[in-house]
Amino acid sequence: LSDLSPEQLRAFVAGQLERSRARTVQLTDSVDTDDLIRQHSRLMSPLVWDYAHIGNQEELWLVRDVGGREPVRQDIDELYDAFMHARADRPALPLLNPTETKSYVVEVRDKVMDVLDHVKFDGGRELVNDGFAFGMIVQHEQQHDETMLATHQLRTGSPVLDAPAPPPGRRLPAAEVFVPGGVFEMGTSIEPWALDNERPAHPVHVAPYVIDTVPVSNGDYLEFVLGGGYESEQWWSEAGWAHVQKASLVAPRFWEVADGNWTRTRFGHREPLPLDEPVLHVCFYEAEAYAKWAGKRLPTEEEWEFAARFDPASGRTRRFPWGDETPGPQHANLGQRHLRPAPVGAYPGGASPLGVEQLVGDCWEWTSSDLTPYPGFRAFPYDEYSLVFFGPDYKILRGGSFGTDEVVARTTFRNWDYPIRRQIFAGFRCARDPKPSELH
Ligand code: AVJ
Ligand code: FE
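First residue of the sequence shown? That's 5 in UniProt numbering, and the numbers climb one at a time after it.
In structure tokens:
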């Protein structure tokens, strides 16, 4: 982006804004008014809340702050402030109805396009440098679109979303990859639209480890289920075992079994469990327990990022596993192009130099790390994006899912959630310490 002329940057921003809005409109126009207002799960907002919240954040940052314009609807700020009302309480608020919501977001967007026409990208404001504020708002909308996609998955009734099947899987050259470790540059100081918690770039030493070539599949995970994994305390952490008992977990969310036939529900379709597809809708505790059962562990986020970015030939830290090019359909399953993870082995074109695959896209991957600030972290442009979440309550997820847009799916992007959450598109891969014989 730094190489673009102001006119090229303006066109790029306009294209990104348009793309995210088309997705938001698809996710909201595909259901009726009733479904927009309804609470599909206490874990989620009504879709119409996300929709207006997207417009409200855009108004706050781009119309008022960047543009210095008069507020469009200051009276509704409080309703759409995520910190004022818990998701479960949002349906009871005097929210804008779907028609009001649509005209509100359109009115905001019209003003934003005018702000974009006049903005000076090099006017000395850090918020506007390289179009950052616009990039932040595009990513905000795309992240809420993924959240709305998760709401669609929780919705009951006939299917409304459709997409072509992902590419086929393939047999892998090896189930695991040995990673020699070393020092790499973690995080970034140069990605113009990277968010505050991804910054700054800093050297990190990683000890040698072994990591799964691909995410754990439904077939792999089914063995753990059938092997009594959920009934055996020995595989679970103390907190994990307490949770599995309390929540009566017996299998990943959306799985069902009848007469020994396993099925799963996906956006309103019940279908045979696809054994070669990465497992989805498991919480951190389930991922951790599976890894222990398999004689392994979850990777740290340092190990995940090293596997995704380190090029042993040059010693350089890459942008993406496959190089510096932005993701294309040959690299990764992103952007709701397919409404499911692709089978394992489906993306040889997305392999890292070490030979690790499907790091980007398909499913978010739980890591063993808590959400903590990098050395030199500075909250920007607001404390409520990351700062208020730092601490031991949240676990880091990496890599993005089939529902993550490419504008979000940087290899430095850090997602986080509570270790009990399963409604997000999360799976995992395992890692382990090398055996002494593997170190020579
Ligand atoms: C980074 C995905 C955890 O959805 O809660 C959206 C992103 N922040 N609005 C979330 C976010 C403010 C955030 N996650
Ligand atoms: Fe938000």
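Every residue gets a Cβ at the ideal spot worked out from N, C-alpha and C, and that includes glycine.
| said: Could you check if N60 belongs to the surroundings of the ligand AVJ, using beta carbon to heavy atom distance under 6 Å? | reply: Remark: the shortest separation between the CB of N60 and any heavy atom of the ligand AVJ does not fall under 6 Å.
| Among E202, A198, D374, which residue has its Cα nearest to the Cα of residue 448? | Any question about residue 448 goes unanswered here, given that the chain covers just 5 to 444.
| said: Any contact between the segment 357-374 and the segment 391-408? By contact I mean 3 or more CB pairs, one from each, below 8 Å. | reply: The answer is yes - the segment 391-408 touches the segment 357-374, with three or more Cβ pairs under 8 Å.
| query | Can you name the residues that DSSP bridges to H206? | reply | According to DSSP, which records beta bridges pairwise, H206 is partnered with M190.
| said: If we require 3 or more residues per run, which beta strand (DSSP E) segments fall completely within the segment 138-203? | reply: Within the segment 138-203, the complete beta strand (DSSP E) runs of at least 3 residues are 180-183, 186-190.
| field | DSSP three-state assignment for L363, whether helix, strand or coil | value | Looking at L363 - three-state DSSP - the assignment turns out to be coil, as it is neither helix nor strand.
| message | Only counting the same chain, and skipping five residues up and downstream in sequence, which positions put a Cβ closer than 7 Å to that of P379? | response | Excluding positions up to five away in sequence, the list reads H206.
| For residue 502, the residue or residues it bridges with in DSSP | Coverage of the chain is limited to positions 5 through 444, which leaves residue 502 absent and any answer about it impossible.
| message | By the three-class DSSP mapping on this structure, what secondary structure does W326 have? | response | Three-state result, W326: coil.
| field | Alpha-carbon to alpha-carbon, P50 and E104 | value | Taking the straight line from one Cα to the other gives about 15 Å.
| said: Are there any heavy atoms of the ligand AVJ lying less than 6 Å away from the beta-carbon of Q340, as far as the coordinates show? | reply: For Q340, the shortest separation between its Cβ and any heavy atom of the ligand AVJ does not lie below 6 Å.
| In terms of residue numbering, what span does the beta strand (DSSP E) encompassing W308 cover? | Not the beta strand (DSSP E): W308 falls in the alpha helix (DSSP H), residues 305-313.
| query | Roughly how many whole angstroms lie between the Cα atoms of E361 and R323? | reply | Pairing E361 with R323, the inter-Cα distance amounts to about 15 Å.
| query | Would the beta-carbon of N201 be found less than 6 Å away from any heavy atom of the ligand AVJ? | reply | Checking every heavy atom of the ligand AVJ against the Cβ of N201, none is found closer than 6 Å.
| field | Within the segment 390-438, ranges of the alpha helix (DSSP H) (whole runs, at least 4 residues) | value | Taking 4 residues as the shortest admissible run, the segment 390-438 contains no complete alpha helix (DSSP H) segment at all.
| field | Neighbourhood of D374 by C-beta, 6 Å cutoff - its chain only, sequence neighbours within 5 removed | value | Taken in chain order, the residues that qualify are P396.
| said: Going by C-alpha to C-alpha distance, which of V181, G139, L279 sits closest to N265? | reply: For N265, the nearest C-alpha among the options comes from L279.
| Does the segment 306-318 come close enough to the segment 346-363 to have 3 or more Cβ pairs within less than 8 Å? | Taking 8 Å as the limit for Cβ pairs, the verdict is that the segment 346-363 does touch the segment 306-318.
| Out of curiosity, what's the CA-to-CA distance linking W69 and L131? | The sequence shown places Asp at residue 69, not Trp. The straight-line gap from Cα to Cα measures roughly 9 Å.
| So, helix, strand or coil for H57, using DSSP? | H57 falls in the helix class under three-state DSSP.
| query | Can you list, in chain order, the residues of its chain whose CB lies under 8 Å from that of L175, leaving out five sequence neighbours each side? | reply | Looking at the sequence shown, residue 175 is not Leu but Arg. So the qualifying residues of the chain are G349.
| query | By how many angstroms is the C-alpha of L226 removed from the C-alpha of W240? | reply | Taking the Cα positions, W240 is about 17 Å away from L226.
| For D216, three-class secondary structure by DSSP | D216 sits in a strand when the DSSP states are folded into three classes.
| query | M88: buried (16+ other C-beta within 10 angstroms of its C-beta) or exposed? | reply | Its Cβ having fewer than 16 others within 10 Å, M88 is exposed.
| field | Residues bridged to E235 [DSSP beta-bridge criterion] | value | Per DSSP, none; premise fails for E235.
| message | Short of 7 Å in beta carbon distance, which residues of its chain neighbour G339, apart from the five on each side in sequence? Order them along the chain. | response | Answer for G339: D409, E410, listed in chain order.
| said: Using only the alpha-carbon positions, how far apart do R274 and R268 sit? | reply: Going from the Cα of R274 to the Cα of R268 covers about 6 Å.
| Candidates F417, K106, L40, Q43, of which the one nearest E306 by Cα | Nearest of F417, K106, L40, Q43 to E306, Cα basis: F417.
| field | Own chain partners of R46 with C-beta closer than 8 Å, once the 5 adjacent residues on each side are dropped | value | So the list reads R91, A92, once near-sequence residues are dropped.
| request: Find out if the Cβ-Cβ distance for the pair I428, D437 is shorter than 7 Å. | output: No, the pair does not count as a contact, with Cβ atoms beyond the cut-off.
| So is Y294 buried or exposed if we call it buried at 16+ other beta carbons inside 10 Å? | Taking every protein chain shown into account, the CB of Y294 has 16 or more other CB atoms within 10 angstroms, so this residue is buried.
| N- and C-terminal bounds of the alpha helix (DSSP H) containing S372 | Taken as a continuous stretch (DSSP letters only), S372 belongs to no alpha helix (DSSP H), being part of the beta strand (DSSP E) at 368-375.
| task | Determine the burial state of Q147: buried for a count of at least 16 other Cβ atoms within 10 Å of its Cβ, exposed for fewer. | result | Buried, by the Cβ-count rule.
| message | I want to check one thing, is the minimum distance from the CB of N101 to the heavy atoms of the ligand FAD below 6 Å? | response | Absence of the ligand FAD from the depicted structure is noted, with the ligand AVJ and the ligand FE being the only ligands included.
| task | Tell me where the beta strand (DSSP E) around W65 begins and ends. | result | In the DSSP assignment, W65 falls outside any beta strand (DSSP E) and carries neither an H nor an E.
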